[in-house]
Amino acid sequence: MKYSNIQFILLVLIRFVLGYHFLYEGFDKLFDENWSSAPFLIQSNWIFSDFFHSLTNDQMILKIIDLLNIWGQILIGFGLILGLYVSISAFMGVLMLLLYYIAIPPFQSNLLFVDKNMIELLCFLVIAFFPTSKVFGLDFLIKSTRSK
Numbered sequence: 125m126k127y128s129n130i131q132f133i134l135l136v137l138i139r140f141v142l143g144y145h146f147l148y149e150g151f152d153k154l155f156d157e158n159w160s161s162a163p164f165l166i167q168s169n170w171i172f173s174d175f176f177h178s179l180t181n182d183q184m185i186l187k188i189i190d191l192l193n194i195w196g197q198i199l200i201g202f203g204l205i206l207g208l209y210v211s212i213s214a215f216m217g218v219l220m221l222l223l224y225y226i227a228i229p230p231f232q233s234n235l236l237f238v239d240k241n242m243i244e245l246l247c248f249l250v251i252a253f254f255p256t257s258k259v260f261g262l263d264f265l266i267k268s269t270r271s272k
């Protein structure tokens with residue numbers, strides 16, 4: 125897909141900003157020895173709240189969820205920043221944000237339907253469907269070496 129210079133720069137900038145945010149959030153959780161997803165899961169009060177609450181009952185399941193959340197954010201962040209497997213990273217980001225949105229939807233507060241998770245989710249979809257890593261990123265290098 126051919127973009128104008130400003131379109132390309134803005135798409136790469138969105139990719140980097142999303143990557144930075146996920147990477148930062150992942151490392152913040154990783155280095156906080158007291159962090160757990162339990163408080164978030166317990167706050168759930170929508171249609172799947174019983175399911176989200178039940179995840180906190182078993183410490184082993186909760187530990188797995190914590191690890192998936194932390195390392196998911198870190199790997200998605202690195203993928204976006206480095207331009208490596210960006211489509212996969214973007215769709216995994218959409219999945220994570222959709223789970224956050226379903227657990228605690230914004231209409232439980234004064235935001236009605238749109239919150240930061242929804243905005244970020246839409247940005248991930250833009251990155252997934254308007255790829256830049258095939259031109260600027262490690263995906264480009266991988267593609268170049270395979271075509272030789």
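Using my numbering, you'd call the opening residue of the sequence shown number 125 and step up by one each time.
No residue lacks a Cβ here, since even glycine has one placed at the ideal position from N, Cα and C.
Check: Neighbour-count burial assignment, I130, 16 or more Cβ in a 10 Å radius; Outcome: exposed
Check: Close Cβ partners of F215 (< 8 Å) along its chain, the five nearest in sequence each way excluded; Outcome: F248 and A252
Check: Sequence-distant residues of the same chain with beta carbon closer than 6 Å to L165, five excluded per side; Outcome: F176, L179 and T180
Check: Alpha carbon of F279 to alpha carbon of G201, nearest angstrom; Outcome: In this structure the chain extends from 125 to 272, so residue 279 is not present and cannot be described.
Check: Classification of M220 by the beta-carbon crowding that lies within 10 angstroms, buried from 16 upward; Outcome: buried
Check: Coil, strand or helix - P230 by DSSP; Outcome: helix
Check: Simplified DSSP state of P163, which is helix, strand or coil; Outcome: helix
Check: R270 burial status per 10 Å Cβ neighbour count (16 or more: buried); Outcome: exposed
Check: Exposure label - P163; buried when at least 16 CB within 10 Å; Outcome: exposed
Check: Contact under 8 Å by Cβ, P230 with V238; Outcome: yes
Check: Counted within 10 angstroms of its Cβ, other Cβ atoms place D174 as buried (16 or more) or exposed; Outcome: exposed
Check: Proximity of G110 and I205 at Cβ, strictly below 8 Å; Outcome: With the chain covering only 125 through 272, there is no way to say anything about residue 110.
Check: For I171, the first and last residue of its enclosing alpha helix (DSSP H); Outcome: Looking at the DSSP string, I171 is not in any alpha helix (DSSP H), and its letter there is neither H nor E.
Check: Terminal residues of the alpha helix (DSSP H) in which N241 lies; Outcome: K240 to F253
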